[in-house]
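Colleague:
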Amino acid sequence: MVRWANYEMPVTADYTTVNTILRNREFVREPPLGFFSGVPKHLIPFYENESRSMLEREPPYHTRLKSLVAPFFTNKKLKQLKNDMEHLSYALIEKIPTSEFDLISNFSQKFPVIVIAKILGVPEVMAPQLVKWSNEMVAMYQARRNKQIEIKAVAATKNFSTYIKTLLKYKNVNPSEDLMSHIIRANNSDNPLSDEEVISTIILLLNAGHEATVHTISNGIKTILSSPFSTEDLIRDPKKLADEVLRYSTPLHMFTRYSTKKITLYGQQLNVGDKIGLLLAGANRDPEHFLEPEDFNPLLDRKTNLTLGAGLHFCLGAHLARLELEIAITSLIKKIPKMRISQTPHYQDNFHFYGLKELFLKSSD
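Residue numbering for the sequence shown follows this note's numbering, beginning at 248 and increasing consecutively.
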């Protein structure tokens, strides 16, 4: 464990430590002084939405939010959507130019947002706007955050909330089998979610349901095409391939926790409320846990990686994320078997996300 001066907090890339802290209930997501401590007035709308997010809360509040939507993200439920997701991937690939193309704008940005929009019951035509709002909101988690990013994030939060509120009113009168209609029907307990809590939950699912997957699809294709392996060999076991892409090309490099106790951890003194950074991507390359960690090798039998977290806050959409990745990569390789990287890829300056600016490919010799 070392102290990262720029972040003013200790961080660790040790697999065992990261895994332990993710599972330890003495390290939590909720800020000890509340979500609004030290928050300037212009950011209140953004943090009001954050304060209602299951990603940021602990039980029992976390349980209220998660229990309402969790049934929609089981393996069994998502298998029912597999055919639709495959058809969507093929349809998007059919529209890709036959010569040189950017995978991110033509496929990676479209596929996951349309999938999560369909699950929730948001019209597909709104997908580009959802991406815009989402990008502006999640930019708040980046190291390069500034006043301009903050202003855009607040505006996106307000506009996103207004749109979802209007859509919920429509779903209340015109229900269907989507997740938003399910939430309306199921939200009838002794302690139901408020309208604001429902809206924040839907925003979280839309944002978390596509942002990391955009990066992972593109990172994965770049890594596969840069590797010595035959693509035909790799897609014989899509689950193993997806897991190795998630480990090797971790889309979210850091998650944080707050200590609820005064404790000395590997030489670092933590007081109550101190923040600690868990370097997921670093932990996924820990040589004490992974054989040949710096090599991309989907043929090796790997131990469990930490890309999707662990413990109470293990990714709600883990099954969906893996299935999307399996389908996207397999479909692209099957439909464009001769694709190759045509321009040197460059990464975005958006730590702690890890994603490409663009990925230009050629689909033929």
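Glycine included, every Cβ here is placed at the ideal spot set by N, Cα and C.
So, are the CB atoms of L280 and G520 less than 8 Å apart?
Modeller: Yes.
Colleague: Would you call the stretch 519-536 and the stretch 254-268 touching, i.e. three or more CB-CB distances under 8 Å?
Modeller: Yes, they touch.
Colleague: Count the CB pairs spanning the stretch 338-352 and the stretch 313-329 that are closer than 8 Å, and state whether there are at least three.
Modeller: Touching, no.
Colleague: Terminal residues of the continuous alpha helix (DSSP H) containing K448?
Modeller: In the sequence under discussion, the amino acid at residue 448 is Thr, which differs from the Lys named in the question. Counting along the chain, the alpha helix (DSSP H) containing T448 begins and ends at D442 to A455.
Colleague: Only counting the same chain, and skipping five residues up and downstream in sequence, which positions put a Cβ closer than 6 Å to that of F354?
Modeller: Result list for F354: L339, in chain order.
Colleague: Measuring alpha carbon to alpha carbon, tell me which of Y410, T259, S477 and I450 ends up nearest S300.
Modeller: Selected option, being the one with the closest Cα: I450.
Colleague: By Cβ distance, which residues of its chain are closer than 7 Å to E541, with the 5 residues on each side in sequence left out?
Modeller: Same-chain partners within the cutoff: R532.
Colleague: When you compare only the Cα positions, how much space is there between A530 and L567?
Modeller: For A530 and L567, the distance between alpha carbons rounds to 23 Å.
Colleague: How many Å lie between I446 and F282 at the Cα?
Modeller: C-alpha separation (whole angstroms): 18 Å.
Colleague: At a cut-off of 7 Å, is K609 close to the ligand ZN when judged by its beta-carbon and the heavy atoms of the ligand?
Modeller: This structure simply doesn't include the ligand ZN, nor any ligand for that matter.
Colleague: Using a Cβ-Cβ cutoff of less than 7 Å, which residues in the same chain neighbour I574 once the five nearest sequence positions on both sides are dropped?
Modeller: Cβ neighbours of I574 beyond the five flanking positions: M332, E333 and S336.
Colleague: Buried or exposed: E479, going by 16 or more other Cβ atoms within 10 Å of its Cβ?
Modeller: Exposed: under 16 other Cβ atoms inside 10 Å.
Colleague: On the CB-based measure, 16 or more other CB atoms within 10 Å of its CB, does Q356 come out buried or exposed?
Modeller: So Q356 ends up on the buried side.
Colleague: Taking one C-beta from the stretch 572-590 and one from the stretch 462-472 each time, how about it: are there three or more such pairs within less than 8 Å?
Modeller: Segments in contact, yes.
Colleague: Taking the C-alpha atoms as reference points, what is the distance between Q376 and L538?
Modeller: Near 42 Å, if we compare the C-alpha coordinates of L538 and Q376.
Colleague: Label L367 either buried or exposed according to how many other C-beta atoms from any shown protein chain fall within 10 Å of its C-beta, with 16 as the threshold for buried.
Modeller: L367 comes out buried.
Colleague: Rounded to whole angstroms, what is the Cα-Cα separation between P534 and V249?
Modeller: So the two alpha carbons sit approximately 18 Å from each other.
Colleague: Looking at the secondary structure, which residues open and close the beta strand (DSSP E) in which F502 lies?
Modeller: First-last of the beta strand (DSSP E) with F502: M501 to S506.
Colleague: Mind checking L553: buried by the 16 CB within 10 Å criterion, or exposed?
Modeller: Classification for L553: buried.
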